[in-house]
Amino acid sequence: MKYFFLMSFLLVIYINSEAQIGGSYAPSDARSTAMGNTYTASTRGIFAVGKNPANLALNSNNGVEIQTAAIPLPLPSMNIGVGTNFMSLKDYNYFFGGVPDPADPSKKVGRYLTPADKEHFADMFKEGGNVFTDFSLPLFNLYINAGDKVGAFALTLGDRVSVDFTAPKGLADFAMNGNPEGSVYNFSDAKLTAWWLRSYGLSYSRQINDLLTDVFKLPSNLFEQVTFGVTVKYIQGYAYAATDQFNASIETNAGGITADAQARGLVAASPNFGITYSFDSLSTKREGKFSPFPTPAGTGIGLDFGLTAKVNDILTLGLALTDAGSISWKTNAAEYSYSTHFIMTDPSNEDKMNAIGDSSKDYEGRYLSSFSTSLPLALSLGAAYQLDQAPFISRFPGSMLLVLEYHQGFNDLPGNTTTPRFGFGFEWKIANGVPFIRSGVSLGGRENFNWTFGLGFNGGIFDAAIATRDLNYFFSNDIKRVTLALDTRWKF
Amino acid sequence: MKQIFTRTFIFSLLFPALYLSGCMDTPDGFEAPQWDVNLSTPVMDTTYTLADAIKKSDMIKSYPAGSPKENLLYYADNKPIEKVTVGDNLKIDQIVAQNTAGVSIGNINIAAPAPSSTSIAITSIWGNLIPNQSVPLPPAAVDINQGFGQINEFEHVVLQSGSLELSIQNSVAVNFEIDNFKIFNTDDPNNPIGSVAVIPVPPAGNNPAVVTIPLNPGARISNKLSFSGHLTTPGSGTTFITIPPKAITITSSFKNPVVSEVNGQIPAKAISTQKSFELDNQTKFQTVVIDQGSMSLTLKNNIDIDLVGSIELSSIYKTPSSQQPISIPLNVSGNSETSIPVDLSGSVLKSGGAPTNLISYTINVSTVSSGTQYRTIKSTDNISPIIEMSQLSLRSITGIVKPTTIDIKPTTVSINLGDMKEKFRYAKLNFKDPDLKLYLKPSSQFKVKVDGTVKAKGYANTLKFSDYISNLNGQVDSLVEVPSADLAQFLSSFAPNFPSELTISGTATVNPDSDPATIYKVAQSDSITGHAEITFPLNAGISDGEFTDTTKLNLKDNLKKEINKIQSIVLTLQITNGLPASVKWTGSFLDATEKIKLLDLPPNRKPEDRFILVPGAAVNSDGKVTAPASRTETVELTGSDAEKFVNSSFIISNVAINTSGATSGSASPVEFKITDSIRLKASATVVYRVNEK
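Chain order of the listed sequences is A and B. The first sequence begins at 8 in our numbering and counts up by one. The second sequence begins at 60 in our numbering and counts up by one.
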């Protein structure tokens, strides 16, 4: 039990930068993170890759941008978080901080939880205990803007390792209250998805004003600039493990304890990992072999589409559909399934208990010829408004960009959720020499609410940014997470 | 550039520091909290049905749904009865038939001896007359006494009938008259064997006077006869008569002599007689095929003369296809006997009509003529047949068969009550409607009476029964049933423990009542097959029934290791009584050896109060359970009691059962059905302190 709570509160690390595979709520670059995790209409240059490729061609002062993990200066590109989405530090300290030992006040002993404490503890998990760990490493990102007529290009190469685990809501309740008669616990919301993907992306974006006027006969003055972008990603999957189906419940009543579980998991792994499945008694033990370019277990094609309309210097609208495509896992593709149903009514009956035991062992694994998984397909709509240039503003200290976005994921793959999310943020440049001040809120999605904040620095040949998406905890003792996003891009 | 780098780096450090220092306390280390959690688990849920108690016995069954005794438990065993063959039991005992009186030869018709003549001389009448003189003959009266010549044919006879004819020829021409004429044995003149009062004899020149003198029956006649009489004549007066040499000539001849005894020459005489003897005083046959057996014919010849002839066994034929009965030639010397063996194997007895128990035979013999030899025989001399018949083994008999008893070999029916034997004790067990049935199938159509005995292994008690096979068609099983009441009493006598086996033996008697009206055919190969079936529904009255069972608890070892973390245990016992009888439940938790009681249930009560009483289930008018009764008791175990529970490995349940009326000693039977049960359900809610050190 001790380790359960420890693990529940362990570091949840987000290291993220310009991930070419995103989703509707995945941590983003520091600038976007600071602005309520908005980016559809507001990102520019290399940071637009994976978010809205149409933004690549928007007028930028930079002809070339480079981001690489090989140059972590002045700031490394990372998005790191500590905490959970279900337990605050205050709660942690209350429940796990201990109380003075009555026998020796200089020492601490575990707190005895009253019924109210137990109820509170269980309530913390009412929304489930989700742990999302995402590690994205931009191995090499190159952005080249060849001008309005030619368009902008981006070559990206990056890895992404994601683990999305959801502890079932009923688990804490079960742990606190046991299984009194009449209790029913459903653990079917437990979920695990983990993968390691490598994306080779080629993005292209170009202004399409001519197309709109010549082909669609739109007035030339309707938009100041309209760009379209597309990213084609060749995706190699090195590892995949996920619950494809998980239904579990435990019910205690006068008749006994009824347990049901049906689970199906899919796995695939690169041969370089040397994984031998438990069901495969015929294969010789495989040896792992390190390689910077492992043999993929699955491959697929992903597409990002973007359309951005700069109405004028004040308003920009963006639309992006990201990660359309799928991965077909063919190497070491396997399925584990487990199903059990038992009613424990009479532990004294060895036959019945043996039957339960036999039933509980009734899992099996087998190779599959292949299976496929979608990419975290998401749709985003955004609007960026340059407030300081608004006609109703006569004088404004510095410049301020307002951003409003809507994100809709179409699946629950890592970084994605079907729960809609709204983001609102701003970027305020008060004066030269003063860092950009960025902040915003994110409503909905997996984390319900985030107050984001960050600072940005324009270093001439580089931009650096720092942000947090959990500023709300800055003003509260009830902190659940500490997150920090950093990144740097070199521009020429 | 350097400035920008430096500024950015400083901000990068300040921002997190400011953020982290302002928004959060550091974690205060880790001390796992403690709390009490209620862990509920079923401990046991055991349903004690009588069916469950005896589940190891395949012999316990239940009546199927929809039947009048639906779900009622019953014990049933079915064992084949060893084939019983009539075989050697079809037999006729040894017979010795002797005609002690014999067959008399009877009166004998002997040949009449040759006539014998004698003459009365002139001188015997007139004294000095000289033959050939012619003289007037004076009247005369003289007594005469004169013998005949000797008879050569016999020395003597005893006459039964017959006569002596006298032919009296007068040679003198005067009339004579013989008065008081008597015939007698010469040596016995005082006992005449015949007489005539007056015999007129006409003068010469006339036919002789013929007189037939009846002879006295029973008179012994020797071979020398004489006669006497008084002869008178009136004379010739004046007429001269030439004197002949003889006056009167008398010739005697036996007519139709029948004698009862004779010593003399014996002519041949036929003796013929038809006899019979009784085969069996109860068996009457139309046809009998003899498998094995023989007979001996002995003829005693009690006549002083040889016999020849034959004896015909009128009812016995050599083979079934023989058209003529067996005939055996005889040749027996006088005053001797002759025995003749006859092999009867394969022979057939035929009554020729209605069933009979008599075997007829005819003796046709004849005495051999003695010729000139003298033999002495009497009418009472006889021949005496003796027939000895060995025990006859019969192949078949058609007729009225005497009661023939066949042993039924012992058939053992086991009573395997499974665990019930070990787990169920009782002072009295009254069964209702038990059945012990013998299903028998005779191969032929004959009436059979079964006299049986049921014995219980290990007990002296016996149960006798008798019944008839009712179905005689020989195709389907006929039922022989032991009276249920007798069987119930028999079974109830074995308290407190059932015997493990019942052995059924007895006899089957064919035509047990000697039915004279029914003709059966019984063959040596006829048999009786069948099976014995014992069934006793557990429709029983139980007095002081006691059912004990031990159940392994399978409490997890982890629980035992963490006893210090258990604050208390709430044990809920629910006893649901589905039996139509009240039960008292008591229990104890035992250690792993099953010998040491760790904790009694319910705990902390006086021994006399330490039980949970559950009333009997509700039953309808048919005695069927309609609703079980239930009782729930909650026991909180703390401290050492909780520890004892956790350390226990077994629970022993004791269920005392009494049907209504048990206290008065006459436990009324109630139906125990497979659906009737006693369910003991125990669950525990363990108050477990998590992270208790």
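In this text, a Cβ means the ideal position worked out from N, Cα and C, and glycines have one as well.
Nearest Cα to A:Leu-394 within the set A:Ser-113, A:Thr-323, A:Ser-169: A:Thr-323. Within chain B, no C-beta atom comes less than 9 angstroms from the C-beta of A:Asn-279; the nearest is roughly 36 angstroms away. Annotated three-state conformation of A:Gly-177 is helix, per DSSP. With three or more CB-CB distances shorter than 8 angstroms, the stretch 407-424 of chain B counts as touching the stretch 323-341 of chain B. Between B:Ser-386 and B:Ser-398, the gap from beta carbon to beta carbon reaches 7 angstroms or more.
The Cβ atoms of B:Val-231 and B:Ala-263 sit closer than 7 angstroms to each other. When rounded, the separation of the alpha-carbon atoms in A:Ala-197 and A:Asp-365 is 24 angstroms. Following the DSSP letters along the chain, one finds B:Ala-156 inside the beta strand (DSSP E) bounded by residues 154-157. In the displayed model, A:Leu-63 falls within a helix according to three-state DSSP. Looking from the CA of B:Ala-199, the closest CA among B:Val-233, B:Pro-172, B:Ala-170, B:Ile-169 belongs to B:Val-233. Of the other Cβ atoms in all chains shown, fewer than 16 fall within 10 Å of the Cβ of A:Pro-226; this residue is therefore exposed. No residue range can be given for B:Gly-277, since it is assigned to no alpha helix (DSSP H) and is classified by DSSP as neither H nor E. Note on geometry: alpha-carbon atoms of A:Gly-165 and A:Phe-147 lie some 7 angstroms from one another. Identification of residues in the stretch 322-346 of chain A having a C-beta nearer than 9 angstroms to some C-beta of chain B yields an empty set. Closest by C-alpha distance to B:Ser-226, out of B:Thr-271, B:Thr-521, B:Lys-740, B:Val-714, is B:Thr-271. No Cβ-Cβ contact shorter than 7 angstroms links B:Asn-315 with B:Phe-213.
Following the DSSP letters along the chain, one finds B:Val-705 inside the alpha helix (DSSP H) bounded by residues 698-706.
Annotated three-state conformation of A:Arg-38 is helix, per DSSP.
For A:Glu-342, the secondary structure class from DSSP, reduced to helix, strand or coil, is strand. When secondary structure is reduced to three states using DSSP, B:Glu-90 falls in the coil class, being assigned neither helix nor strand. The Cβ neighbour count for A:Gly-405, taken over all protein chains shown within 10 Å, is under 16; the residue is labelled exposed. Distance check between B:Thr-512 and each of B:Ser-126, B:Pro-501, B:Ile-563 places B:Ile-563 closest, using alpha-carbon atoms only. Counting along the chain, the unbroken beta strand (DSSP E) around B:Lys-580 starts and ends at 579-582. When C-beta distances to chain B are compared with 8 angstroms, the residues of the stretch 360-390 of chain A below that value are Met-360, in chain order. For A:Asn-216, the uninterrupted alpha helix (DSSP H) segment begins and ends at 216-221. Interface residue (Cβ-Cβ distance to chain B less than 7 angstroms): A:Asp-353 is classified as such. The C-alpha of B:Ala-576 is placed about 43 angstroms away from the C-alpha of B:Asn-361.
By the Cβ test, the stretch 42-54 of chain A is in contact with the stretch 421-439 of chain A, since at least three Cβ pairs between them sit closer than 8 angstroms. At the C-beta level, B:Ala-701 and B:Ile-655 stay beyond 7 angstroms of one another. Residues Ala-37, Thr-40, Asn-86, Ala-474 of the same chain have their beta carbon placed closer than 6 angstroms to that of A:Ala-492, with the five preceding and five following residues left out of the count. Per DSSP, the beta bridge partners of A:Trp-435 are A:Met-407, A:Ile-444. Take the alpha-carbon of B:Thr-631 and the one of B:Gly-125: they are about 37 angstroms apart.
In the displayed model, A:Phe-280 falls within a helix according to three-state DSSP. Contact between the stretch 344-355 of chain A and the stretch 306-321 of chain A is absent: fewer than 3 CB-CB pairs across the two stretches fall below 8 angstroms. Contacts with chain B at 7 angstroms (Cβ-Cβ) do not include A:Asn-148. When 8 angstroms is used as the limit between beta carbons, A:Phe-102 is near these residues of chain B: Pro-92, in chain order.
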